[in-house]
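K.L.:
Residue numbers (UniProt numbering): 1 to 231. Backbone N, C-alpha and C define an ideal beta-carbon position, used for all residues, glycine too. Please read through the structure below; I'll follow up with questions.
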């Protein structure tokens, strides 16, 4: 892990994850773009989404990823999130079989109970990736997949921008960490995963149309997706 404070150009007041997402919940879905995560998931070639009879959505938030998985043919999706306000939004969406408030490193869900674990836009909030990778490995059956997508470390460093939202008194940052690609590889391999696919998405015309100010980041990596297979 690299200390984000070395790159922070914003200096926003910073809150913990639960406080931050509780404050962001009302306009979260108007802020987060599909190009950041689910569009990257859609480009992956290894996962056969419809073959998964049961999946766990780690850091399910408002249910965006869970709804996308169900739309891809996943049979049932169980969601876990730290923030009650986010879980309440996911509940109204109705994409999940169950929703649990809990720590992603210790979900309490059944061992080897899932064909697939998914985690979207979460890893930058974790000080240590190891517990997430180990818990995902415990949850997935042998031969199953763990699919993780998040902001690319190169983008976080180049932009100097933490995950943040507009609070009533101005921008508020949520605790952000920088995990290098090698940090993911080290954590995944140590937990018993085998890397099956990786995809990096760069800032291109689609992104610049959504966020014209990002034209200065043209060609820089913005998202990274990893597909791991349980050994």
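With 16 other CB atoms within 10 Å as the buried threshold, where does residue 83 fall?
P.N.:
Start at 1 with the first residue of the chain shown, and residue 83 comes out as number 83. Buried, because 16 or more other Cβ atoms sit within 10 Å of the Cβ of residue 83.
K.L.:
Three or more C-beta pairs under 8 Å: does that hold for the region 97 to 115 against the region 29 to 36?
P.N.:
No, they do not touch.
K.L.:
Nearest CA to the CA of residue 12: which residue from 2, 135, 112 and 166?
P.N.:
In the chain shown, the residue the question calls residue 12 occupies position 12. Of the candidates 2, 135, 112 and 166, the one whose C-alpha sits nearest the C-alpha of residue 12 is 166.
K.L.:
In angstroms, rounded to a whole number, what distance separates the CA positions of residue 15 and residue 126?
P.N.:
Translated into the one-based positions of the chain shown, residue 15 becomes position 15. Translated into the one-based positions of the chain shown, residue 126 becomes position 126. Whole-angstrom Cα-Cα distance: 14 Å.
K.L.:
Identify whether residue 150 lies in helix, strand or coil by the three-state DSSP scheme.
P.N.:
Translated into positions along the chain shown, residue 150 becomes position 150. In this structure, residue 150 counts as strand in the three-state DSSP scheme.
K.L.:
Tell me the rounded alpha-carbon separation between residue 138 and residue 175.
P.N.:
What you label residue 138 is simply residue 138 of the chain shown in a count that begins at 1. What you label residue 175 is simply residue 175 of the chain shown in a count that begins at 1. Rounded to whole angstroms, residue 138 to residue 175 spans 26 Å at the Cα level.
K.L.:
Quick test of your reading: residue 25 and residue 86, contact by CB under 8 Å. State the CB separation rounded to the nearest angstrom.
P.N.:
Residue numbering aside, residue 25 sits at position 25 when the chain shown is read from its first letter. Residue numbering aside, residue 86 sits at position 86 when the chain shown is read from its first letter. Confirmed, Cβ separation roughly 6 Å.
K.L.:
With a cut-off of 8 Å, do at least 3 Cβ pairs link the region 53 to 66 to the region 103 to 122?
P.N.:
Counting Cβ pairs under 8 Å, three or more are found: they touch.
K.L.:
For residue 129, which of 76, 225 and 188 has the nearest alpha-carbon?
P.N.:
The sequence position of residue 129 within the chain shown is 129, counting from 1. Selected option, being the one with the closest Cα: 188.
K.L.:
If I follow the unbroken beta strand (DSSP E) through residue 225, where does it start and stop?
P.N.:
One-based indexing of the chain shown puts residue 225 at position 225. Unbroken beta strand (DSSP E) run through residue 225: 221 to 230.
K.L.:
With the cut-off set at 8 Å, would you say residue 153 and residue 178 are in Cβ contact?
P.N.:
What you label residue 153 is simply residue 153 of the chain shown in a count that begins at 1. What you label residue 178 is simply residue 178 of the chain shown in a count that begins at 1. Result yes, Cβ atoms of residue 153 and residue 178 sit closer than 8 Å.
K.L.:
For residue 199, which beta-bridge partners are listed by DSSP?
P.N.:
For the purposes of this step, residue 199 is identified with residue 199 of the chain shown, where counting begins at 1. Answer is 225, bridged to residue 199.
K.L.:
Could you give the DSSP three-state label for residue 141: helix, strand or coil?
P.N.:
Numbered from 1 along the chain shown, position 141 holds the residue referred to as residue 141. Of the three classes helix, strand and coil, the one that applies to residue 141 here is strand, per DSSP.
K.L.:
Please name the residue, chosen from 230, 90 and 207, that lies closest to residue 142 on a Cα-to-Cα basis.
P.N.:
Counting from 1 along the chain shown, the entry for residue 142 is found at position 142. Comparing Cα-Cα distances from residue 142 to each of 230, 90 and 207, the minimum goes to 230.
K.L.:
Is the CB-CB distance between residue 199 and residue 158 below 8 Å?
P.N.:
Counting from 1 along the chain shown, the entry for residue 199 is found at position 199. Counting from 1 along the chain shown, the entry for residue 158 is found at position 158. Contact: no.
K.L.:
Using the rule of at least 16 other Cβ atoms within 10 Å of the residue's Cβ for burial, across every protein chain shown, is residue 144 buried or exposed?
P.N.:
Here residue 144 is taken as the residue at index 144 of the chain shown, counted from 1. It is buried - the Cβ of residue 144 has at least 16 other Cβ atoms within 10 Å.
K.L.:
Around the C-beta of residue 47, are 16 or more other C-beta atoms found within 10 angstroms, so that it is buried, or is it exposed?
P.N.:
On the chain shown, residue 47 is found 47 positions in, with the first residue counted as 1. Burial call: buried.
K.L.:
State the DSSP-derived secondary structure class of residue 212, mapped to helix, strand or coil.
P.N.:
The residue labelled residue 212 in the question sits at position 212 within the chain shown. Reduced to three states, the DSSP call for residue 212 is helix.
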